[in-house]
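Below is one structure, written out as structure tokens, with a few remarks after it.
So, in structure tokens, the structure goes:
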């Protein structure tokens, strides 16, 4: 399959974990990747498998070269994150493209993928998860607004300038 040029490149690889602080420190100590920026997410109006749910999780971002790494520690509310852990899966949960949501949804639906989760952050950023494959269960699409793009730039710049100090930062 040829990826449409408008979809761009995979910008992020994400892992769902049961202890985000332990995992962030593992990435620092084993892979030398940091600093990590950890934060809480609480989105009241998210659609998961067709049902409206509240999405709560602890998330963390770091950068390795041009690749953003995301860690997600879900709460107990139903989501694609709890679904992943409840099925005893480990490893890559999703990859993420930065693209226009409607076009990406249509593209992945044409490949037989289904919408698994959708929502909008408090800063107005839409996110969409489509079902993926056995090896990469989900594909995320975000269309970053200026606020999100600025934060992502900060994560990348911090990684390039990182001297090893303050490896896990709480926002």
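Numbering (our numbering), first residue to last: 1 to 171.
Heads up, the beta-carbon is just placed ideally off N, CA and C, and yes, glycines get one too.
Computed from a prediction, not measured in an experiment: that's the story for all the values here.
Identified DSSP bridge partners for residue i
i           : result
residue 72  : 16 and 59
residue 129 : 117 and 140
residue 166 : In DSSP, residue 166 forms no bridge with anything.
residue 40  : 58
residue 64  : 67
residue 97  : 141
Inter-residue Cα distance where the pair is residue i and residue j
i           : j           : result
residue 139 : residue 169 : 27 Å
residue 15  : residue 81  : 9 Å
residue 135 : residue 26  : 22 Å
residue 160 : residue 85  : 32 Å
residue 49  : residue 97  : 21 Å
residue 103 : residue 167 : 37 Å
residue 60  : residue 30  : 17 Å
Closest Cα partner of residue i within the set the options
i           : options              : result
residue 78  : 64, 54 and 65        : 54
residue 158 : 62, 95 and 112       : 62
residue 9   : 48, 141, 120 and 155 : 141
residue 56  : 95, 45, 64 and 66    : 45
residue 95  : 83, 33, 23 and 137   : 137
residue 91  : 128, 47 and 70       : 70
residue 214 : 132, 66, 34 and 76   : In the structure displayed, the chain extends from 1 to 171; residue 214 sits before or after that span and is not available.
Neighbourhood of residue i by C-beta distance below 7 Å, restricted to the same chain and skipping five residues each side
i           : result
residue 58  : 20, 38, 40 and 73
residue 108 : 130 and 139
Chain-order list of residues whose beta-carbon lies under 6 Å from that of residue i (same chain, five-residue window excluded)
i           : result
residue 156 : 63
Cβ-heavy atom distance, residue i to the ligand MG, below 6 Å
i           : result
residue 137 : With respect to small molecules bound, the structure shown includes none, and the ligand MG cannot be examined in it.
Own chain partners of residue i with C-beta closer than 8 Å, once the 5 adjacent residues on each side are dropped
i           : result
residue 4   : 107
residue 118 : 46, 47, 126, 127, 128 and 129
contact_flag[the stretch 146-158, the stretch 122-135] where n(CB pairs < 8 Å) is 3 or more: yes
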